Each structure stands twice: as structure tokens, then as C-alpha cells.
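Numbered as in numbering that gives the first Met the number 0, the sequence shown ends at 424 without a single skipped number.
Down below is the structure, laid out as C-alpha cells.
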Amino acid sequence: MTDVAFTSWGSANSIGPSCHVLQFGSYRVGIDYGAGIREGEDEPRFEGSLDALFITHAHRDHAGMLPRAIARWPKMRCWATFETMALARWIWEDEINISHINRRPEPFSKEDVAAASRRVKRLLPHQEVHLTDEVSVTAFPAGHILGAVGLVFRYRGESYVATGDICLRDHGFIPGAEVPDIAESRLLIRESTYVGQYLEEERAAVKERLLEKSRAILEQGGRVVIPTLSIDRMPEICELFYGSDIPSEWPVWVVGGPRPVQIYLDYADGTKSLQGVRRFEHWKHQQDVLKSEFPMVVIASSGMLVPNTPSYTWATAVLGDKDSAIYFVNWQDPCQPGGIIADSNSVGQTLKLPTGNFVRMCDVDRFHLSSHGMEDEMKALEIAVNPQEVVHVHGEGARIQAFVEAERGRGPARRMAIVGEVVSL
């Protein structure tokens, strides 16, 4: 046994406000400090303090509460990639605006956002950062979204790998992860969103099926609403539709997320197709088009249909239309409106949403265009870094536990992380 310990303070056996801590001797390093996606899950249930913090990527559940962490620990050092910070700052400012719209207290102030932007140091992939004489960390591209990284910590001759959210396959404008070259690692902290699940359909086929189903809806005079995470899935879906023949026959509108799309234009390769996206001139223009009921495609944020967002407005407008469709392209929390609609079983079902009850008459379908690794990718990663032990985080508890039990006695030792439980190594 060494003097190394691991503790998850959020998003252990669920998808929530991520924060994981590795303690090397008395030195404590945090991995992410996110915001919750469910009511009552504002931030990680953290105890103690941090000496350093690394943000793996800019999704809200990984970076959403960083301004609070910066304010809480003024002596803590923090790192993130340049792209992550560009996207995260947009998330923080948007969070403040949404709190005003919903008449909720601000999660943090504009001054906190400015302070976080100043305090975070730029993290470069493959560059070693020395935290102490004995602790260092090197980031590697994780392939999840723009700027995402995984982390390799080194302490007293041993390696400790944290994947963050990771994808080994190319998708959209993002190349797959660069797996670190490590002969052996003491620990792998592994994201488990799709633990034990294998790809059933190649991404190219999924995209073609999405286009085909959308054309069929348009040809019968309906509207297609595609809720998207503006921070990553929106650029990919825009590229898909604007690279097809659909815009030559029907309008394809993009609602929300102008800054994330611009950040992709600025920092990602091959994004010229995003320059011509079609946006509404102003709020009244959008309302006029919304009421028109002409056939069209609407690519709208947010991806989970949070109330008071463009996707919620458009989705609830077409739910009762038998000729229209809502097509989901990212993971859905079953407790959010998007999850409620995506999990509905049949036409004619009454759905209870935040603004009332709606009878679902439209077509609803899911298209697996996730940027999380499937089990074949994660197995390849495990082979590459050869861990003695794997701790599973960021996934559904029951699914993780079933996988851990099924794999017992084969390969590395495994366990499911539990919030607040200290794992001594």
C-alpha cells in the first residue's frame, strides 16, 4: 500500500457534478469541478481543500462550477486548455443569464467569472506540469469535445491515468483520443457512460439515417426539431445538414449557441461549413416562423430541453403534430424534459413537462452520435495503459456494478466509485 488515495466527490456512480481527487501524500489534486444537471445538485459535495485542479473539458457537469472553486480556494492552482477556457467562459456567462431569466440566485458573479479566467493556467497536451518535486501531470487529447484532455499523473515512479470523458473514434471536427504510451499504470480512473455497451451502428450510417428520416418528415410537410448541446453536438449536426441537399429545398434554422459555433470556427479544423448557418434576425422573426408551421429543420440548444431554452420552445410546439418529429442526438437525463420525451413509448402518450401536460403525436427517435467511448474503445485504452486497478466513474450505478461483477477475476481489479468513499492505493 502506498500513500496515494482516490476519492470521488461527484459523478461517481451517476452523471452529475464531476469532481474526483487524487491525494499524493498530503498533496491533493482535483479533476474537474462541475455543475449538476438535476435540481439540488448544484456542485460537488466536496469536503476539505485542494492544492491543484485540472479541468478536463468544458461540459457543464465538468467545468460548470469552477468559478466557485476558484473563489473558495484562492491559493489553489488551476489548469485547462485554451479551447476549454473559451467554451467554459461562455457556459459561465450563460449560467448567469439563465439564472436571471428563471429568477434564481446567481451561481456566481461576473467578478467570479473574470477571476476564474485570470487564474486558470493554459494546459498544453503532452507538456509535463510539475506540481511538486514528486508529483507531475501530462495531458493527452481525449477526443471528446474541442479542447478535451485526459491526464497522466506520475508519483514515485508510478502512473495514475484519468480519462475524463473520452472518445477514441473520430467524430465531427474532433479527432479521436491519443492514447498515452504507458507500459503499466497503477490506477485508471475510467469514465463509464456506456460501460459494457458496444457500438451497434457506425456513425456514418447513423448520420445518413438521420438525414433520411428528416427528409421523409419534410416531404410530408412536417417540422424536424433536433435538440443539441451547443458546446459540441451543434457544430457536428450543422455540418451534417448544411453539407446535404436539404437546405436547397427546405430551410435549416440554427437557434442558440452562436458563441460555441464561433469558437469551433476559430479553433477547430475543417469548419468552413459553419460559416453559412441560417439564424433568425431577432426574437419576433423566430416567433413568426414558429407559428408558420412550414416544413423546416430546427437545430436548437439546449440538448436536454431545459425549460426557457430554444429547444424546449420548439419541441413543445411540435409535440402534438403527427407530421413532425423530434430527433435526439445526445445522451438524455431521464429526469429532464428531453429524457421524458425520448423515453416516451408511443404516439398519443401524455407527457408531464415543466410547463404542463402534452400529448405526444409526433415521431420521436434517438440517434447515437455520442462523443463518449463505447466498451471496445475503453478495452483498447485499458490494454494500452495496462492498469493494476480500475475505478469506474461517470455512469449509471447499476450498469457499472453489473459490469464490475461480470469482469471479476478477469484483467485488472475493478470497483465502482461511491461519492465520498476513500480508496487507498
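All C-beta atoms, glycine included, are put in the ideal place defined by N, C-alpha and C.
Computed from a predicted structure; not experimentally measured.
- Fully contained in the region 196–253 are the following alpha helix (DSSP H) runs of length 4 or more, in chain order: 202–218 and 232–241.
- If you draw a straight line from the Cα of Q331 to the Cα of V28, it comes to about 30 angstroms.
- Straight-line spacing of the CA atoms in S108 and I216 works out to 44 angstroms.
- The bridge partners DSSP lists for H19 are S7 and I30.
- Pairing H391 with S184 gives a Cβ-Cβ distance that is not under 8 angstroms.
- Within a 10 Å sphere around the beta-carbon of E46 sit fewer than 16 other beta-carbons, which makes this residue exposed.
- The region 153–173 makes no contact with the region 80–96, as fewer than three CB pairs between them are under 8 angstroms.
- Exclusion of the five residues before and after V119 leaves C77, W78, A79 and M84 as the residues of its chain whose Cβ lies within less than 7 angstroms of its Cβ.
- I30 sits buried, since 16 or more C-beta atoms from the chains shown fall within 10 Å of its C-beta.
- By the criterion of at least three beta-carbon pairs nearer than 8 angstroms, the region 48–63 is in contact with the region 140–158.
- Linking M373 to V389 through their CA atoms gives a straight-line distance of about 16 angstroms.
- Under a 10 Å Cβ-count criterion, S323 is classified as buried, with 16 or more other Cβ atoms of the shown protein chains found around its own Cβ.
- Proximity of the region 357–369 to the region 254–265 falls short of the contact definition, fewer than three beta-carbon pairs being nearer than 8 angstroms.
- Three or more Cβ pairs drawn from the region 211–225 and the region 287–304 lie within less than 8 angstroms of each other, which places the two stretches in contact.
- Membership of E420 in any alpha helix (DSSP H) is not indicated, and neither H nor E is assigned to it by DSSP.
- P73 and R208 have their C-alpha atoms some 50 angstroms from each other.
- DSSP, reduced to helix, strand and coil, places D362 within a strand of the structure shown.
- In this structure, the straight-line span from the alpha carbon of G24 to that of L52 is close to 16 angstroms.
- With respect to Q285, V254 sits close: the two C-beta atoms are nearer than 8 angstroms.
- Annotation: Q387 is outside any alpha helix (DSSP H); the continuous beta strand (DSSP E) that includes it extends over P386 to V392.
- At a Cβ-Cβ threshold of 8 angstroms, V403 and R44 do not count as neighbours.
- For T137, the enclosing beta strand (DSSP E) starts and ends at V134 to P140.
- Under DSSP, the beta-bridge partners assigned to F327 are R365.
- In terms of CA proximity to Q400, A416 leads the group R409, A416, G408 and Y32.
- Taking all protein chains in view, the Cβ of R189 is crowded by 16 or more other Cβ atoms within 10 Å, so the residue is classified as buried.
- Cβ-Cβ separation between S370 and D169: approximately 10 angstroms, too far for a contact (criterion under 8 angstroms).
- The shortest CA-to-CA distance from T312 to any of V288, P333, S247 and S213 is the one to V288.
- Distance from the CA atom of R153 to the CA atom of V305, rounded to whole angstroms, is 40 angstroms.
- L123 and L167 have their alpha carbons spaced roughly 19 angstroms apart.
- In the structure shown, K120 falls within a strand segment according to DSSP collapsed to helix, strand and coil.
- Here F357 really is in contact with G319; their C-beta atoms are around 7 angstroms apart, less than 8 angstroms.
- In the three-state DSSP reduction, H170 falls in the strand class (E or B).
- The three-state secondary structure of H129, taken from DSSP, is strand.
- If the five residues before and after I14 are omitted, its C-beta is found closer than 8 angstroms to the C-beta atoms of I36, D60, T192, W330, D332, H393, G394 and E395, all from its own chain and listed in chain order.
- Considering only M303, T6 and S291, the residue with the shortest C-alpha distance to G337 is M303.
- DSSP, read as helix, strand or coil, puts F402 in helix.
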